[in-house]
Amino acid sequence: MSNVILFNLTTVLFGVASGLYLGALYAKNEKISVFGTWVCALAAVVSTAALGVRWYESYQMGIGRIPVTNLYESLVFFAWSVNLFYLVVERKYRNRTFGGFVMPIAFFTMVFAVYNDSSIQPLVPALQSYWLHAHVITCFVGYAAFAVSAGVALMYLLKARQEEAKISEGVVGLLPACKMLDDLVYRAIIWGFPFLTAGIITGAAWANYAWGTYWSWDPKETWSLIVWLVYAAFLHARVTRGWHGKRAAILSLVGFLATIMCYLGVNLVLSGLHSYGGG
Amino acid sequence: MADEKRTLSPMDRVWNFFISVKLAILTLIVLAATSILGTIIEQNQPPEKYHKIYEDWAFALLDRLNLFDMYHSAWFLLMLVLFTVNLFCCTIDRFPKMLKVVRNPRTKLDENLEKTLSLTDRWKKKGNLPEWAGKYAEALSASFAKPKVTEVDGQVHLYAETGVASRFGVYVTHLSIIIIFIGAILGNVLGFKGYVNIPEGEMISKVPVRGGILMQDLGFTVRCNAFSLETYPSGQPKAYKSDLSVIEGGREVARKTIVVNDPLQHKGIWFYQSSYGQAGGATAQVTVSRKDGTPMGALALAANEPVPIDGYGIVRGVNYEQNFQGIGPALQVVVEKPGQPAASFWLVQGRPDLDRQRTDSLVFSFGGLSSKMFTGLQVAKDPGVNIVWLGCALMVIGLIMAFFLSHQRVWVRLAQGTDGRVEVILAGSASRNRLAFEKRFEKLQTGVKAAGQ
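Note that the protein sequences, when read in sequence, are chains A and B.
Quick note: the first sequence, position 137, residue 137 per the numbering used here, numbers continuous.
Quick note: the second sequence, position 172, residue 1172 per the numbering used here, numbers continuous.
Rendered as structure tokens:
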């Protein structure tokens, strides 16, 4: 399977990029993180190619289908989304220190993926639908945005503690100003939230077309609602009650924990319609 | 503050409670937290299953709290009602105020307003005031939006805005939630959901609903002509197919082969492929012919069930072997003719020649076992579903309006200065994404300043 080789290469690249970004922070050397960006960009190309090859190979096997239908594929797709979302953020904010906090999320996701079955299996009848594409893509863009927000929230908490103590030395001293981090925590969520909403809606539309029920309080559905409610609370607290800084950062982290539970926990711990984790 | 609170009437206090964002955040968090319970405790399982998992006291407690069907419990629904009332009251409270602000924008840049704006710039120009006012209005129209011109006390105010829609985003989103709830309630009240098994060749016109308490009349008949299961070469299921016919007044009015993700719809009632199975035991297919080879017909023998043949006797299939004496699949039949002892013999599949050796008036040929299947269908009617989709579409639109549009406002004030020159003040504000607006404002600054030069 050449796609798996490419995904393994992606894993290595994500690891190298994470190392470079963290190394740059540790050595306080901006130049090192420039290499990180190049490695990320290369990883984006390689992983996109890997997804394409996997898609093509599924057609070669006579079971052609989009490569986002089991745990392995969803993990690599999630890592792919995080990497791309990160590159956009890095470019827009012209700051490479985020990399040390966001790229490890992509790296560990890939490491986790490597331990899962990477074979291409045919689609069970329930998944044979065009809704699959819209549903998975919207959900994962949302998840990726929440991952970036959580990574930045962590940076914020570190930075805020230092600013309180009025120190500007050490690794943390290189991080962007609190104000910028705080803004990015929020900004990533306002991208993630509409995508999550669209993901839940496309999931409901699909369920209705497959089973005649758009909402059945299945654990996956319920957890997606929990994630939605947490971020809705975040947005209300932020916009109307002026929740900034530490409280907002903590709420972003809580939201991401709920996202991980929704994405992985439900499949690995609970049972339901999305039980791709079992197989 | 304390005095103010004391003077509030109880009605006002109740109202203030319902319009507070604090309540909204609290309900969101409490809904999220309690929803977790229903994902840990499996919902709607038979009591025996719960008794296996929980001690008696725990079972009693969980049952008391309705945690075995929590999403339909009174307390959870009450929270949803509270959530909706809060949403509704917030809208009633804030929407008119917002509308008023949007309809009557502050078109004059007075000193109070100026103090609240972070983006301002001022300069002086030689020349006459109306002329500059005209030039700046043109410049704003070209690069921002057509300004509204107000003249007061010899001063000229220009006011221009874009992205007013962003102010409505939050209301569209909130309205969408209420619409979705209305759709859901309509679906629950006016619609039904049921599940039915139809064996191949049989038909139904009623479906058990509400856990089998009620039979819902469909108003037409549905027949399952055939069910088939396709597999991948690896043996994994590829497709479940049910060939369904809709029959009205004895006539077939519609026919469709449904699969998972491709249902049949008739008169607002949907039929979804949901399950399948074997309907009863297998039947043995036996064709009968006369000794001279004239075909007589076919029999479908269910296990041990007697089938009479006129002028001959009663035939029963009593046994089946996958590999009878190494020849292949075979069926053991018993024939009872009037006034004769019962005869038992084996029919090997696809070997009528062997049965000929039995020298009887009829020759049997065993065509193999066939098991009749049934298809399991979800049947649903939901007249509220399109309202739900309308709400969903509005929600996405509302979120985009709220998060990705920004209400941007720009003011210009021109006044005659004491030195004979025209004093100009440019100011701006944005409802969100101020960083992006700062850049736009900078461009606007240079553009407006350059106007007429």
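Even glycine gets a Cβ: it sits at the ideal position worked out from N, Cα and C.
Since we're looking at a predicted model, the values are computed, not measured.
query                                                                                                                          : result
Reduced DSSP secondary structure (H/G/I, E/B, other) of B/Glu1151                                                              : strand
Segments of 3+ residues assigned as beta strand (DSSP E) that fall wholly inside the region 1321–1361 of chain B               : 1328–1336, 1343–1348
Bridge-paired residues (DSSP) for B/Arg1413                                                                                    : B/His1157, B/Ile1425
A/His244 in three-state terms, based on DSSP                                                                                   : coil
A/Arg238 classed as buried or exposed, judged by whether at least 16 other C-beta atoms fall within 10 angstroms               : buried
Whole-angstrom distance between A/Ser58 and B/Val1170, CA atom to CA atom                                                      : 43 Å
is_contact[B/Met1098, chain A] using C-beta, thresh 8 Å                                                                        : no
Best match in B/Arg1251, B/Gly1250, B/Ile1258 for proximity to B/Tyr1240 [C-alpha to C-alpha]                                  : B/Ile1258
Beta-carbon proximity of A/Ala17 to A/Ala43, cut-off 8 Å                                                                       : yes
Whole-Å CB distance - B/Phe1220 paired with B/Ser1242, under 8 Å assumed                                                       : Rounded, the Cβ-Cβ distance is 17 Å, inconsistent with contact.
Buried/exposed call for B/Phe1437, threshold 16 Cβ in 10 Å                                                                     : buried
Interface flag, B/Pro1147 vs chain A, CB-CB below 8 Å                                                                          : no
Presumed contact (8 Å Cβ cut-off) between B/Glu1376 and B/Gly1277, rounded CB distance                                         : Looking at the sequence shown, residue 1376 of chain B is not Glu but Gly. Going by Cβ atoms, the distance from B/Gly1376 to B/Gly1277 rounds to 7 Å, so yes, they are a contact pair.
Cβ-based burial, A/Gly199 [other Cβ within 10 Å; buried from 16]                                                               : buried
Between the CA atoms of B/Phe1441 and B/Asp1153 - distance to the nearest angstrom                                             : 27 Å
Candidates A/Phe98, A/Gly52, A/Gln128, A/Ala145, of which the one nearest A/Ser252 by Cα                                       : A/Ala145
Where B/His1266 falls: helix, strand or coil (DSSP)                                                                            : strand
Amino acids of chain A, ordered along the chain, whose beta-carbon sits closer than 8 Å to that of B/Ile1025                   : Ala233, His236, Ala237, Arg241
Three-state secondary structure (DSSP) of B/Gly1277                                                                            : strand
Beta-carbon spacing of B/Ala1330, B/Glu1336 below 8 Å                                                                          : no
Cβ of B/Phe1403 within 8 Å of any chain A Cβ                                                                                   : yes
Listed by chain order, chain B residues near A/Ala144 by CB distance under 9 Å                                                 : The contacting residues do not exist; A/Ala144 stays about 17 Å from chain B at best.
Check whether B/His1072 and B/Trp1411 have beta carbons under 8 Å apart                                                        : no
Those runs of the alpha helix (DSSP H) which lie wholly inside the region 51–138 of chain A and span at least 4 residues       : 71–93, 99–114
Below-8 Å beta-carbon distance, A/Phe280 vs any chain B residue                                                                : Any property of residue 280 of chain A remains undetermined from this structure, which presents chain A solely from 1 to 279.
Within 8 Å of chain B by C-beta, residues of the region 213–232 of chain A in sequence order                                   : Thr213, Tyr214, Trp215, Trp217, Pro219, Thr222, Trp223, Leu225, Ile226, Leu229, Val230, Ala232
B/Asn1044 to B/Asp1069 span [Cα, whole Å]                                                                                      : 6 Å
Per-residue contacts from B/Gln1043 into chain A (C-beta, under 8 Å)                                                           : Trp217
Residues bridged to A/Ile250 [DSSP beta-bridge criterion]                                                                      : Paired residue(s): none; A/Ile250 is not in a bridge.
Members of the region 1054–1085 of chain B near chain A, C-beta cut-off 7 Å                                                    : Tyr1071
Cβ-based contacts, 7 Å cut-off: residues of the region 118–140 of chain A near chain B                                         : Pro122, Val124, Pro125, Ala126, Gln128, Ser129
Beta-carbon spacing of B/Leu1347, B/Phe1374 below 8 Å                                                                          : no
Endpoints, the alpha helix (DSSP H) within which B/Ser1141 is located                                                          : 1129–1143
Beta-carbon contacts of A/Ser129 that lie in its chain and below 8 Å, excluding the five residues immediately before and after : Trp206, Tyr209, Ala210
Residue-level contact to chain A via CB, B/Thr1359, 8 Å cutoff                                                                 : no
Cβ of A/Trp55 within 8 Å of any chain D Cβ                                                                                     : In the structure shown, chain D cannot be found, because the protein chains are A and B.
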